[in-house]
Amino acid sequence: MTEQVDTTRWIQQGPLPLEALLAETDDPECGGLVVFGGTIRKENHGKRVTRIRYDVHPPLAARTLADLEAEVLERFPVRHCRLQHRVGTLELGECSVWVVVRAKHRAEAFEASRYAIDQLKRRAPIWKEEFYEDGTSEFLKGCSLVDGHHEH
Amino acid sequence: MTEQVDTTRWIQQGPLPLEALLAETDDPECGGLVVFGGTIRKENHGKRVTRIRYDVHPPLAARTLADLEAEVLERFPVRHCRLQHRVGTLELGECSVWVVVRAKHRAEAFEASRYAIDQLKRRAPIWKEEFYEDGTSEFLKGCSLVDGHHEH
Amino acid sequence: MRLRLCLYGGLQRVGGGREHALELPGETMSVAELRAAIARAHPPLAPHLPTAALAIGDTIVTDDGQVRDGDEIGLLPPVSGG
Amino acid sequence: MRLRLCLYGGLQRVGGGREHALELPGETMSVAELRAAIARAHPPLAPHLPTAALAIGDTIVTDDGQVRDGDEIGLLPPVSGG
């Protein structure tokens, strides 16, 4: 039933190489490049974080990110949008997600990048488990994927 | 009279290594990284561009970028802002400027990045000469640095 | 029919692990019926079902969808990626 | 006094190259007086002076600033970096 696609284009186990995404989207028609990176912060809601584990539904997440890339290209006058998210355990300062957008002009690249990361956080089937200094861990409250439960 | 500062922190002759700016601003207090890159576009106002030459007043440009970095840190709740601009001749697709901003939260990183590139374009003593397919070249109309002549 | 129920995010803690086999009567049922069946088979999951989306393979389905023997069912609590 | 006048951006084309020596009477003068002197010494630059900023070393100065013998003067037309 599940279509066999290469999910590693969007979901990766190891460190995400930004260089590859920049090379892939290289385009002399574009004058503006905006990259967003989400990095692991050592403090959240007053608690000391030591690392984060991302649980992911890889095929559905890959499809969600691919669909979002296409949607961004349709909604904004941008020429490239690439999204990548990590799965597994990340240390402080590591990058969990890249959003790479290239457009003719910078204003559109900024807007599209902002939209892409906001929507990725709302829609991608990815769950963040924060591990704390005191040895406990917690899954963060998130955005429901059930219609009518989008309380963000 | 001119203070001897190392202008290469802000103004560089060769390709700008983004990796160095990312490493320099690495910070586990930050959750959001926004990078803006300006790249050489092969078309402007309907003319086919073949390359761009940037003329720069290095000590004044370095000071302008350093001051703008400090201003961004003061105006926005962001922890890092680094600006680098190239001087000399750039080919299509090459990156002429990097803006690297890191903040606790992404919204502020986006806003600060946008502000920084907009202000850099208005204030930095840098001049773009576009070379065209037909062999001609042109300095672009820009923003006057004289008070009362900011027509943007 | 036999389904594979996969729990994601914090639901793995609530339901005790990622994968659970579900043996149910008949060859097909609606997603709404499946939700009720999951609540009966795993009572601790019941309070989480209203905000959990349900996927068959890599497609999120609504309550009027149908499940069939052999389907892999993903139970997806509110998401928190990025 | 002797000044080094440096032209930037498109002004190099208008004024014929980056560097120009300026020999002027006295040991100091205001920036406003210097602007008038530049217009006299390089008439093609005159129409560009109203939108051109003037820097002494790495500092932009206003018309009430003073220039001194040996100063390096940058003439900065509207900027277009990025």
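The listed protein sequences correspond, in order, to chains A, B, C and D. For the first sequence, counting from 1, position 14 maps to 15 in my numbering; every step adds exactly one. For the second sequence, counting from 1, position 33 maps to 34 in my numbering; every step adds exactly one. For the third sequence, counting from 1, position 20 maps to 21 in my numbering; every step adds exactly one. For the fourth sequence, counting from 1, position 55 maps to 56 in my numbering; every step adds exactly one. No residue lacks a Cβ here, since even glycine has one placed at the ideal position from N, Cα and C. Please read these numbers as outputs of a predicted model, since none were measured by experiment.
- Cα atoms of D/V62 and B/A108: separation of roughly 36 Å, rounded to the nearest angstrom.
- Assignment of A/A104 by DSSP, reduced to helix, strand and coil, places it in the strand class.
- Around the Cβ of A/H81, a 10 Å sphere holds 16 or more other Cβ atoms; the residue is buried.
- Chain-order list of chain D residues neighbouring B/G39: G83, by C-beta distance under 8 Å.
- In the DSSP assignment, B/T8 falls outside any beta strand (DSSP E) and carries neither an H nor an E.
- Chain B places a beta carbon closer than 8 Å to that of D/L77, counting this residue as a contact.
- When CB distances to chain C are screened at a threshold of 9 Å, the residues of the stretch 73 to 92 of chain A falling below it are H86, in chain order.
- For chain C, the residues of the stretch 108 to 130 of chain A that bring a beta carbon within less than 8 Å of one of its beta carbons are I118, L121, K122, R123, R124, A125, P126, I127, W128, K129 and E130, in chain order.
- For D/R36, there is no enclosing beta strand (DSSP E); the enclosing alpha helix (DSSP H) has its first and last residue at V32 to A42.
- Taking 8 Å as the cut-off between beta carbons, the residues of the stretch 44 to 58 of chain A near chain C are Y55, D56, V57 and H58, in sequence order.
- Listed along chain D is no residue with a C-beta nearer than 9 Å to that of B/V36; the closest approach is about 15 Å.
- Secondary structure note for A/D56: its beta strand (DSSP E) is the uninterrupted segment K48 to V57.
- Here DSSP, grouped into helix, strand and coil, assigns C/L77 to strand.
- DSSP, read as helix, strand or coil, puts D/Y9 in coil.
- Less than 8 Å divides the Cβ of B/R83 from the Cβ of B/L22.
- With respect to A/Y116, A/R49 sits apart: the two C-beta atoms are not nearer than 8 Å.
- Between C/L46 and C/A38 a beta carbon distance of about 11 Å is seen, past the 8 Å cut, so the two are scored as non-contacting.
- Any Cβ of chain C closer than 8 Å to the Cβ of A/V102 would place that residue at the interface, and such an atom is absent.
- About 14 Å separates the beta carbon of B/W128 from that of D/G16, a gap too long to meet the 8 Å contact definition.
- A/Q85 is bridged by DSSP to A/W99.
- Residue pairing for B/F140: DSSP places it in a beta bridge opposite B/E130.
- Residue pairing by DSSP places C/A56 opposite C/I61 and C/G75 in a beta bridge.
- The Cβ atoms of D/R41 and D/A22 do not sit closer than 8 Å to each other.
- If you draw a straight line from the Cα of A/T51 to the Cα of A/E92, it comes to about 7 Å.
- Here the alpha carbons of B/E25 and C/E73 stand approximately 46 Å from one another.
- Just measuring C-alpha positions, the residue of D/D59, D/T60, D/D64 and D/G58 sitting nearest D/T52 is D/D64.
- C/L12 is a Cβ neighbour of C/L76, given a cutoff of 8 Å.
- Secondary structure at B/Q120: helix, using DSSP grouped into helix, strand and coil.
- The C-alpha of A/D7 is placed about 42 Å away from the C-alpha of B/G89.
- Cα atoms of B/K142 and D/V80: separation of roughly 8 Å, rounded to the nearest angstrom.
- Listed in chain order, the non-local C-beta contacts of A/G32 below 8 Å within the same chain comprise A104, K105, H106 and R107, local neighbours out to five positions each way being set aside.
- Per DSSP, B/L19 lies in no beta strand (DSSP E) segment; the continuous alpha helix (DSSP H) that holds it begins and ends at L19 to T26.
- Sequence-distant Cβ neighbours of A/L61 in its own chain, meaning closer than 8 Å and more than five residues away, are P126.
- In this structure, the alpha-carbon of C/V32 lies about 28 Å from that of A/E130.
- Using a CB distance cut-off of 8 Å, C/I39 does not count as an interface residue toward chain A.
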